Structures are given as structure tokens and as C-alpha cells.
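One structure below.
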Amino acid sequence: MEQGGGQDRSALFAGEGSSTLALVVYLALAVLIMLADRRGDYLQQFRSSVAQASEPLYALAELPSLVGVALRDNLANRRRLLSENEQLQADLRLTRLRLAEAEVALAEQQRLADGLTLAERERLRAIPARVMDVDPDPFRHRVIIDRGEQDGLQAGTALIDASGVVGQLIEPGRHRSVVLLISDPGHGLPVVDARSGERTLLYGTGESDQLALRSMPLTADIEAGDLLLSSGIGGRFPAGLPVARVRSVERSAGAPHARGVAEPLAALGRLRELLAVAPRSEAEGPPLPDHRLESTEDPVTDPEPVDEPAIPTAEVSDAAAATEAGQQP
């Protein structure tokens with residue numbers, strides 16, 4: 342057994358010796374090749390060929406890193422673009438909002454300028470007002486404005502827009518007031534035909550685009566297309582303000598009175614900016630006492646034309662009496 346063990350160790354040492362010799366030979370050969378290449382540059386072409394052949398391997402090894410960098414850059418760019426797009430969208434919405442506000446403000450200024458032009462033409466003292474709310478009751482045509490007693494307004498003050506008469510103030514508050522529109526079924530307004538000078542009364546019908554001419558004499562010189570102006574009777578509305586244009590006049594055979602329909606010039610269904618105006622001179626008559634407006638609180642519920650309408654407004658009653666007196670032969 343000892344002999345067998347010795348033989349194994351001899352074979353092992355013999356193998357180690359040959360390996361060492363081969364290593365020494367390879368090292369010596371490598372040193373010789375390096376010295377020869379250093380002195381004569383004999384392996385330059387070989388190195389170039391090997392480097393060129395190994396370029397695909399380098400590119401393949403670098404590919405995962407390049408793909409990762411590209412994905413990371415694309416993600417960052419996408420996030421940046423999304424953020425910029427959101428910011429641009431927000432800026433666009435803000436710009437559109439400001440543009441819309443500017444257009445609204447410009448339209449309001451234009452309407453106020455038109456109203457002031459009308460007031461200046463009629464030599465009226467005007468106070469700008471804005472509609473804050475509208476009475477939701479379809480049988481009560483009233484609006485609330487942002488002016489009141491502290492602005493010098495009082496019951497009976499007339500209000501106009503850029504086109505014509507709107508209504509009169511009936512409930513003045515300190516900062517806000519209620520305005521009764523001329524389209525309210527309980528409102529009546531003394532008017533005069535601009536063409537013929539014929540005086541009559543113009544009543545609200547409960548429709549924002551229609552007013553009624555009732556109980557006119559059959560011989561009244563009022564025709565379709567005529568312009569109706571405020572007559573100034575009663576002292577509420579300054580004389581000469583445009584009110585409505587006659588749409589039609591009906592004179593039925595056998596009927597005791599003529600009737601007509603007129604279209605208000607003011608945009609009663611879309612009021613925004615108004616002007617509270619005072620009479621141009623005291624010669625037209627002082628304002629009526631406040632108690633004479635109390636009856637306008639309860640409008641007529643039946644807007645249908647009748648031969649003898651009962652309008653609760655004291656001003657209208659006085660104006661009607663004056664009108665009838667003026668029409669006596």
C-alpha cells in the first residue's frame with residue numbers, strides 16, 4: 342500500500358513539473374513577443390484586425406446601457422412635455438376667461454355709453470345701475486338693482502337702458518332697490534305718438550316683448566310703425582324718452598274703442614346695465630308723493646285687454662284723466 346501511495350505522489354509531482362515548464366515557456370514566449378512588438382511594431386496590423394473584429398461585441402455589450410439611457414430620457418421628456426402641456430392648457434383657459442371678461446366689460450361699457458348718450462341727448466341727470474336679481478314670479482316683472490337711497494334714488498325714479506324706458510323704482514333700499522318694469526301687468530305709462538302727437542296709455546301685458554294699447558278712441562291717429570315716447574304726464578318719467586314702437590292697431594266694427602300692440606324698445610328680457618334718470622326740468626311737474634306708488638305692489642293678475650282696465654297705479658290714473666281730458670272735443 343505504501344508503494345501505491347508513493348507512485349501516486351510521483352505521478353502528481355511529475356504532472357506539476359510539466360505544467361510549470363509549460364507556464365515558463367509561455368511566459369518567455371510572451372516576453373519575447375512583447376519585446377519584438379515594442380521594437381519593431383510587428384503586431385500592429387494584428388491588433389487592428391482583432392479590435393475591428395471585436396467592435397460588434399463591444400456594441401452588443403453596451404446596448405443594454407444605451408437602451409436604458411434612452412428609455413430614461415424619453416420618460417423624462419414625456420413628463421416634461423405633459424407638464425408643459427398642462428401649464429399651457431391652464432394658461433389658455435385663463436387667457437380665454439380674461440378675454441371673455443374683457444368682452445363682457447367692453448359690452449357693458451358700450452351699453453352704459455349708449456345709455457348716457459340717450460340721457461345727455463334728453464338733458465337728463467343719470468346714475469348708472471346694474472341688475473343684481475330678477476323676480477322669479479312670471480306674473481311680477483321686477484328686477485333688483487345695486488343702487489338705493491344712498492345714491493340719491495327714491496320711489497318713482499325712472500330707469501332706462503340704451504334703447505328706451507325700462508321701468509320705475511318702487512321699493513328703494515339703502516343699497517339695493519326694486520324696479521317695476523313697464524311689461525308688468527300692473528303697470529301703465531302715459532305716452533305720446535311721435536308722429537301725430539296723440540296721447541294714450543301703454544300697459545304691461547306680462548310679456549317682455551309686448552305692450553298693450555287699450556281703450557283708444559276709434560279716431561286716434563296712431564298707426565303701425567309709430568314711435569311712442571313718454572309724455573311726461575304725472576312727473577314720473579321725463580318727457581320725450583323712447584318707449585315702444587306700435588306693432589299693430591285694431592279698429593273692429595261696432596267696437597267702442599280701438600286697441601293696439603306695441604313692442605318695447607328696451608331689452609326687458611335681458612337687462613344688465615341701467616340708468617336711473619331724473620326729469621330734465623322742474624317745469625314738467627314735480628315727482629308724485631311716495632304713497633302714490635303703494636298700489637303698484639299688487640299687479641293686475643289678468644293681463645287680457647278689457648274696455649275699462651283698472652290699473653292700481655295712481656300715476657296712471659291721473660295720466661289717464663289728463664289724457665281723456667285732452668281728447669275731449
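Start counting the sequence shown at 342; every next residue gets the next number (our numbering).
Every residue gets a Cβ at the ideal spot worked out from N, C-alpha and C, and that includes glycine.
In this text the structure is predicted, and so the values were computed from the model without any measurement.
- By the criterion of at least three beta-carbon pairs nearer than 8 Å, the segment 478-486 is not in contact with the segment 428-446.
- Taken through DSSP and simplified to helix, strand or coil, residue 570 comes out as strand.
- Residue 508 places its beta carbon less than 8 Å from that of residue 523.
- A direct Cα-to-Cα measurement between residue 467 and residue 489 gives close to 14 Å.
- The three-state secondary structure of residue 537, taken from DSSP, is coil.
- One Cα belongs to residue 424, the other to residue 499, and the distance between them is close to 56 Å.
- In this structure, residue 618 lies away from residue 511, with their beta-carbon atoms at least 8 Å apart.
- Going by DSSP, residue 518 is part of the beta strand (DSSP E) stretching over 518-522.
- Where residue 601 is concerned, the enclosing beta strand (DSSP E) starts and stops at 599-605.
- With respect to residue 593, residue 580 sits apart: the two C-beta atoms are not nearer than 8 Å.
- Beta-bridge analysis with DSSP links residue 513 to 518.
- Distance from the CA of residue 494 to the CA of residue 520, rounded to the nearest whole angstrom, comes to 11 Å.
- Scanning the segment 404-456 from its first residue to its last, no whole alpha helix (DSSP H) run of 4-plus residues comes out.
- Per the coordinates, the alpha-carbon of residue 408 lies some 24 Å from the alpha-carbon of residue 392.
- Using a Cβ-Cβ distance cut-off of 8 Å, the segment 561-568 and the segment 529-543 are in contact, since at least three pairs of beta carbons, one from each stretch, lie closer than that value.
- With respect to the C-alpha of residue 549, the residue from 412, 567, 419 and 526 having the closest C-alpha is 526.
- By the neighbour-count criterion, in which 16 or more other beta carbons inside 10 Å mark a residue as buried, residue 481 falls on the buried side.
- The C-alpha of residue 403 is placed about 11 Å away from the C-alpha of residue 396.
- Per DSSP, the continuous beta strand (DSSP E) segment holding residue 500 begins and ends at 499-501.
- The beta carbon of residue 421 sits closer than 8 Å to no other beta carbon from its chain once the five residues preceding and following it are set aside.
- Looking at the DSSP output, residue 586 shares a beta bridge with 568 and 604.
- Distance between residue 528 and residue 439, taken at the CA atoms: about 40 Å.
- DSSP, reduced to helix, strand and coil, places residue 551 within a strand of the structure shown.
- Residues of the same chain with a CB within less than 7 Å of the CB of residue 591, apart from the 5 flanking positions on each side, are 599, 600 and 601 in chain order.
- For residue 615, the enclosing beta strand (DSSP E) has its first and last residue at 614-619.
- Counting other Cβ atoms within 10 Å of its Cβ, residue 587 reaches 16 or more and is therefore classed as buried.
- Rounded to the nearest whole angstrom, the C-alpha separation of residue 496 and residue 596 is 38 Å.
- Counting every other CB atom within 10 Å of its CB across the protein chains shown gives residue 506 a total of 16 or more, marking it as buried.
- The Cβ atoms of residue 616 and residue 584 do not sit closer than 8 Å to each other.
- For residue 605 against residue 575, the beta-carbon gap comes to about 19 Å, at or over 8 Å, which does not count as contact.
- Residue range 466-475 is occupied by the beta strand (DSSP E) that includes residue 469.
- Boundaries of the beta strand (DSSP E) harbouring residue 486: 483-486, taken from the DSSP string.
- In the displayed model, residue 530 falls within a strand according to three-state DSSP.
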